[in-house]
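What follows is a single structure, written as structure tokens, with notes after it.
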Amino acid sequence: MPTVSESNASLTVESNLQKQIVYSSGPSTFQDVLSDIKDGLSRTPLWAQFATRDLRGRFSGAALGSLWFIIMHLLIVSGLAVMYSKILGTDLREYLPYVAVGLTVWNIINGIISDGAGVFPANQVYLKQVKLPFSFFIFRINLKHLLIFFYQCTVVIGMYALLKMGPHMIMLLAIPGFMLLLLFLLSASLLAGIVATRSRDMNGLIQSALRFAFFLTPIFWDARRLGEYAFLMNFNPFYHFLEIVRAPLLGNYPTAVNYYACIGMTAITIVLTLFAFKYSMKKLAYWI
Numbered sequence: 002m003p004t005v006s007e008s009n010a011s012l013t014v015e016s017n018l019q020k021q022i023v024y025s026s027g028p029s030t031f032q033d034v035l036s037d038i039k040d041g042l043s044r045t046p047l048w049a050q051f052a053t054r055d056l057r058g059r060f061s062g063a064a065l066g067s068l069w070f071i072i073m074h075l076l077i078v079s080g081l082a083v084m085y086s087k088i089l090g091t092d093l094r095e096y097l098p099y100v101a102v103g104l105t106v107w108n109i110i111n112g113i114i115s116d117g118a119g120v121f122p123a124n125q126v127y128l129k130q131v132k133l134p135f136s137f138f139i140f141r142i143n144l145k146h147l148l149i150f151f152y153q154c155t156v157v158i159g160m161y162a163l164l165k166m167g168p169h170m171i172m173l174l175a176i177p178g179f180m181l182l183l184l185f186l187l188s189a190s191l192l193a194g195i196v197a198t199r200s201r202d203m204n205g206l207i208q209s210a211l212r213f214a215f216f217l218t219p220i221f222w223d224a225r226r227l228g229e230y231a232f233l234m235n236f237n238p239f240y241h242f243l244e245i246v247r248a249p250l251l252g253n254y255p256t257a258v259n260y261y262a263c264i265g266m267t268a269i270t271i272v273l274t275l276f277a278f279k280y281s282m283k284k285l286a287y288w289i
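Here my numbering is used: the first residue of the sequence shown is 2, the next is one more, and so on.
Pasting the structure below:
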């Protein structure tokens, strides 16, 4: 298995791949797209190693290391829950898990799409010097944020234990919901990466859109407070993805609309991503 030196900015991969890359300008096919994805999956040990290195690098030199992911999330969740429970006049015992799950799910959504938008320019040294599939870097950022998600889930589990919220069978519905979310994020991050590499202005637009979506999505407020305007949430795709994970963990069933919207958005995103990747695959290196 290839090894990675944390002090070295270059990759160590098979010797037959350590050569100057020449990108073809000819049209690519869906077979090329599938080959890139298959090649990326075949290098799972390498991008998994890179993802774990990324986490260690976030708090390199800190005594608590990766525990800061848990500490920071705990402080943010607790602060928001206490503050908004007072503002909205809700019971903190009920509101705390609502915010904890909502913010934890939102963080992985925001993190993957945000990093996806800048993934190719950020790895231009590797892309120009080492023959690696583009999907390699997408898998890397998705795994990195999945690991952060698992760290932050300990805060949710701790709060459930503190509030004596026992496990229920309905909570199992969160598993297929989360798998669907991951599939959406995998394709959305690649699509964001392609679009933002083609036009660098799109990176800033995507970041701004995510910040705006944070306030439009009921992460720490209840959509039912919109009253007669609650139907507007049906046009927010992030709301539906949030609900198919959070609702079961709070003892509620997601609605059929939630599932239809998520399945539809995932299918549309996958199709758009495949076509965008087919069009740009042999041009990405020149756009960087």
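No residue lacks a Cβ here, since even glycine has one placed at the ideal position from N, Cα and C.
First and last residue of the uninterrupted alpha helix (DSSP H) at residue i
i, result
"tryptophan 288", "285 to 288"
"valine 131", "No alpha helix (DSSP H) holds valine 131; DSSP gives it neither H nor E."
"aspartate 55", "45 to 59"
"glycine 66", "Neither: glycine 66 is in no alpha helix (DSSP H) and is coded neither H nor E."
"tyrosine 96", "93 to 118"
"phenylalanine 232", "Segment: none, phenylalanine 232 is in no alpha helix (DSSP H) and carries neither H nor E."
C-alpha gap between residue i and residue j, whole angstroms
i, j, result
"threonine 155", "threonine 218", "23 Å"
"alanine 101", "leucine 68", "17 Å"
"leucine 75", "alanine 63", "18 Å"
"arginine 225", "phenylalanine 213", "20 Å"
"glutamine 21", "glycine 41", "Only weak support exists for where glutamine 21 lies, its pLDDT of 41 falling under 50; the coordinates are left without a value."
"cysteine 263", "arginine 54", "32 Å"
"threonine 45", "leucine 35", "16 Å"
"asparagine 111", "asparagine 204", "13 Å"
"asparagine 235", "alanine 123", "35 Å"
"asparagine 9", "arginine 141", "Low confidence applies to asparagine 9: its pLDDT is 46, below 50, so where it sits in the model is not reliable, and the reading given next is rough at best. If you take the alpha carbons of asparagine 9 and arginine 141, they lie about 18 Å apart."
"threonine 30", "aspartate 202", "28 Å"
"serine 188", "threonine 274", "6 Å"
"glycine 167", "lysine 145", "29 Å"
"methionine 180", "leucine 174", "10 Å"
C-beta contact flag for residue i and residue j at 8 Å
i, j, result
"valine 246", "leucine 182", "yes"
"phenylalanine 121", "phenylalanine 185", "no"
"proline 369", "alanine 248", "What is shown of the chain runs 2 to 289, which leaves residue 369 out entirely."
"leucine 164", "leucine 89", "no"
"tyrosine 85", "leucine 251", "no"
"leucine 93", "threonine 198", "no"
"isoleucine 220", "glutamine 153", "no"
"serine 136", "leucine 211", "no"
"glycine 117", "alanine 193", "yes"
"serine 79", "isoleucine 139", "no"
"glutamine 125", "isoleucine 289", "yes"
"isoleucine 195", "alanine 277", "yes"
"tryptophan 107", "phenylalanine 215", "yes"
"aspartate 37", "proline 134", "yes"
"threonine 105", "valine 157", "yes"
"asparagine 143", "isoleucine 176", "no"
"isoleucine 109", "phenylalanine 150", "yes"
Problem set entry | 4-residue-minimum alpha helix (DSSP H) runs that sit fully inside the segment 238 to 274, ordered along the chain | 238 to 250
Problem set entry | Every unbroken beta strand (DSSP E) inside the segment 146 to 220 [3 residues or more] | none
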